[in-house]
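S.K.: Chains A and B are the protein sequences, given in the same order. Residue numbering for the first sequence follows our numbering, beginning at -4 and increasing consecutively. Residue numbering for the second sequence follows our numbering, beginning at 76 and increasing consecutively.
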Amino acid sequence: MPLYHNDDQAMLKDSVAPFVAEQAPVSHLRKLRDSADATGFSRDLWAQFTEMGLPGMLVPEAHGGLGMGHMEAGIVLEEIGRNLTPSPFLATSVGAVAALAKAGGTQAGRWLPAIASGEAIVALAIDEGAKHRPDRIAATATRSGNGFRLDGKKSFVLHGHVADMSIVAAKTDGGITLFAVPKDAKGVTADPRRLVDSSLASHVTLDGVELDADAVIGEVDAGGEILDALLAATRTGAAAEMVGVGQGAMDMTVTYLKERKQFGKLIGEFQGLQHRAAHLYGEMEVARATVMKAQQLLDEGNPGAKLMVSVAKAKAGRAANLAVREGVQMHGGIGMTDEYDIGLYMKRDRALAEYMGDVHYHIDQVARMNGY
Amino acid sequence: MSDLDAFRAEVRAWLEENCPPEMREPVRDEDDVCWGGRKMVFKNDAQKLWLERCVAKGYTVPDWPKAYGGAGLNPEQAKVFRQEMARINARPPLQSFGIWMLGPALLQFGTEEQKVHYLGEIARGEIRWCQGYSEPGSGSDLVSLQTFGEDKGDHWVVNGSKIWTSYADKADWIFCLVRTDKTNKYQGITFMLFDMESKGVTTKPILLISGNSPFCETFFDDVAVPKTQFIGEINRGWDVAKYLLGHEREMISGGGAGGDMVSIGGAFAKAFGKNAAGELDDPILRAEMAAFDVDVFAYRAMGERFMDMWKTGRAHPASSNMMKYVGTELNKRRHELVMSGGGSEALEWDSEETKGGARARGWLRTKANSIEGGTSEVMLNVIAKRILDLPGA
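(1) Ignore the nearest five residues each way along the sequence and tell me which others in residue 97 of chain B's own chain have a CB closer than 6 Å to its CB.
(2) Taking 9 Å as the cut-off, decide whether the C-beta atoms of residue 199 of chain B and residue 263 of chain B are in contact.
(3) Within 10 angstroms of the Cβ of residue 261 of chain B, are there 16 or more other Cβ atoms? Answer buried if so, exposed if not.
(4) Considering only their Cβ atoms, is the gap separating residue 281 of chain B from residue 339 of chain B smaller than 9 Å?
(5) Examine chain B for any beta-carbon lying closer than 9 Å to the beta-carbon of residue 204 of chain A, and answer yes or no.
(6) Between the Cα of residue 435 of chain B and the Cα atoms of B:399, B:155, B:407 and B:148, which residue gives the shortest distance?
(7) Quick one: list the residues of chain B neighbouring residue 92 of chain A, beta-carbon separation under 7 Å, in chain order.
(8) Can you list the alpha helix (DSSP H) stretches of 4 or more residues lying completely in the segment 63 to 104 of chain A, in chain order?
(9) Quick check on this structure: which residue in B:111, B:104 and B:148 has the alpha carbon closest to the alpha carbon of residue 78 of chain B?
(10) Using a C-beta to C-beta distance shorter than 8 Å, which residues of chain B count as neighbours of residue 247 of chain A?
(11) Could you name each continuous beta strand (DSSP E) segment of 3 residues or more that falls completely within the segment 286 to 327 of chain B, going from the start of the chain to the end?
(12) Buried or exposed, going by whether 16 or more other CB atoms sit within 10 Å of the CB of residue 172 of chain A?
(13) Around the Cβ of residue 258 of chain A, are there at least 16 other Cβ atoms within 10 angstroms (buried) or fewer (exposed)?
(14) Residues in the segment 260 to 281 of chain A with C-beta within 7 Å of chain B's C-beta atoms, listed in sequence order?
(15) Go through its chain and collect everything with a Cβ distance to residue 283 of chain A's Cβ below 6 Å, but skip five positions before and after it.
(16) Do residue 454 of chain B and residue 323 of chain B count as a contact pair if the criterion is CB distance below 9 Å?
(17) From residue 47 of chain A to residue 259 of chain B, what does the alpha carbon distance come to, in whole angstroms?
(18) Decide if the segment 439 to 458 of chain B is in contact with the segment 390 to 405 of chain B; the criterion is three or more beta carbon pairs, one per stretch, under 8 Å apart.
(19) Can you tell me where the beta strand (DSSP E) with residue 161 of chain A in it begins and where it stops?
(20) How is residue 278 of chain A classed by DSSP in three states: helix, strand or coil?
(21) Just how far apart, CA to CA, sit residue 272 of chain B and residue 248 of chain B?
(22) Measure the C-alpha to C-alpha separation of residue 164 of chain B and residue 90 of chain B and round it to an integer number of angstroms.
(23) Should the segment 245 to 253 of chain A be called in touch with the segment 364 to 374 of chain B, which here means at least 3 C-beta pairs below 8 Å?
(24) Kindly say whether residue 252 of chain A, judged by its beta-carbon, lies nearer than 9 Å to any beta-carbon of chain B.
(25) In three-state DSSP terms, what is residue 123 of chain A?
(26) Just curious, the beta strand (DSSP E) that residue 387 of chain B is in, first and last residue?
(27) Check whether the segment 342 to 359 of chain A and the segment 295 to 311 of chain A touch, using three or more Cβ-Cβ pairs below 8 Å as the test.
(28) Just how far apart, CA to CA, sit residue 240 of chain A and residue 193 of chain B?
(29) Relative to the C-alpha of residue 263 of chain A, which residue among B:225, B:464 and B:350 is closest?
(30) Given that residue 302 of chain A touches chain B, what residues does it touch there, using C-beta distances under 8 Å?
(31) Does the beta-carbon of residue 158 of chain B have 16 or more other beta-carbons within 10 angstroms, so that it is buried, or is it exposed?
(32) Within the continuous alpha helix (DSSP H) that includes residue 81 of chain B, where are the two ends?
(33) Taking only the alpha-carbon atoms, compute the straight-line gap between residue 106 of chain A and residue 115 of chain A and give it to the nearest angstrom.
Next up, the structure:
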């Protein structure tokens, strides 16, 4: 498969890009933020996403979705990134779908159609501290009656306070097990915190949460593989979104270099800025190619995907971070103002960079996967 | 089975049968590379056999038309061919500036007669070409070149000198930028071709910081060049030169601007040993190597995407400048880490154990990567101007 969008994918981009730009540009984020929106995203916009079939892109056709791949989901995520659109798409339509589709069974049958129809928002309750350490999960699920009892704390749970269901990773006797924890389950409290990018992420407390045995996603103790699928999909998706964030910031900055005058010249005439902008262009192109490669390998079910996913999350993280830092610096004073959008790009990038493992985490993973 | 799958099976079977085992070993030193030409001395029979077998199939230049010595592969087939070669670590049967640079220029600008003649010689590895571009006073500002060809009716008399002519002392012919009109800077250069054995041509190797001499100074003293030996139009050689530079950067991009595109940390884990956690036993170097590996794997994806897009006309025509910039900077970084990883051993300059200071010399050699074929700074200028469309660039 060549590493560029085929005709169908190009068509998808041609319909998604103007849709997101018109319905959810950066002003949409500002409106939600300035009205102290308590949901974290617009349900009206999610309904529009649903009309286009987007929430169920990755949901298999048998469950009412479009059965598309990560390459296609990445197209949507890039536009979400470029427009800084607050959306549950990444957690619900990418991460949760990847886990449920991998697991199959009761929970897949119950939630995948609900995601595809736009009815269900699903949150991912994986992290437990300030850093992403999925190999050190401490939350526990112990056998209780016919089911399980969950105890522990989760953090950085995007949409956790409004999600209809949360996928919770917990330790069981023989490994990791994933659970579908419904919104109204007794003993679950979600404490939403406003983050730097105006999104809402919850600290979730699980205090003796009683669940039926069929709340298990997949099999007991066999959640590791499902968690891996969830993480690979979400990391790749976050990387795609970061490519959009970085590209949006870079485009805005390059435009500014062609408009702003100082010393009687357009600042874009100064070689000091030209070279930095050109360097950034190269980094963004490499990041884009890397993310596409990870998407392609995931879609192929290629065992090399795991390495490339970490490479993509790290590379996109580095490139987008450069884009937003150069963006603020090259905008000068106005780049520091709340009124101007470039600072919002910096904030979103920071949140995405941390989500599901930061640059350092994934660089370390790359070393481990290469035997050092 | 799709046509492409059938083709893959065919190539795989052919390679299995025809690529000698010795040609599946990594290239260790310069004479492992087959450059072809009149002065070619084969290192062993396997190298010669591998060349001959590939020539017979058109596999030295797989995507050139069959009429000019290629195998006539389309972009998808050529990618499959590259993948199958890489799968068994097959060495390229032939490498040359004829294949990478002059060939594409001839395909674009040459007459039918020139294509049949020169491309055939290149494909068969008969003639080794060198490139006469830079001059002592014309480096990054190439168009200021002064080597002059005086019009004598049926021939030019060429005087001047070139510098950084790679392997001029080993080459058979030169493709050379020569000023033929002193009144017009850009439209006063002709793209000439001539035999390095012509009377009045001398070469002098330049000793580099690596202690090696891959480059020469080349002097022209009343060299007579028939007025049939040029490409494109007289005085319009700059168009050819620019096109060729694009291909040079494509070659550098596709063919390994990033150098050896494998994990560097993996290679050093053995030498360094690992700690109890299985990590390379030098945490800061490990971190730097891992960060580098991320960039290597990322650039490998970029190389694949670039070639896919370039070969199908989807790439921005200036994107090879970005590839060259990113890749050569990456390769320089690799060799800095190789030196750090090697410690004091890597400093040895001529010991047997270090194969004559291979690491140190290789490290120093890479410093030219971001100078030759257009400096990194020129690449950034081109990206700023042609891709980002920044003002006054």
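All residues carry an ideal CB built from backbone N, CA and C; glycine is no exception. Keep in mind that this is a model prediction, so the values were computed, not measured.
M.R.: The answer reads as follows:
(1) 121
(2) no
(3) exposed
(4) no
(5) no
(6) B:407
(7) Residues of chain B passing the Cβ test: none, with the nearest at roughly 25 Å.
(8) 65 to 78 and 92 to 98
(9) B:148
(10) Ordered by position in chain B, no residue passes the 8 Å Cβ test against residue 247 of chain A, which lies about 13 Å from the chain.
(11) 290 to 301
(12) buried
(13) exposed
(14) 261, 263, 264, 269, 270, 272, 273, 274, 276, 277, 280 and 281
(15) 238
(16) no
(17) 59 Å
(18) yes
(19) 160 to 167
(20) helix
(21) 8 Å
(22) 11 Å
(23) no
(24) yes
(25) coil
(26) No beta strand (DSSP E) holds residue 387 of chain B; DSSP gives it neither H nor E.
(27) yes
(28) 49 Å
(29) B:464
(30) 372
(31) exposed
(32) 78 to 93
(33) 7 Å
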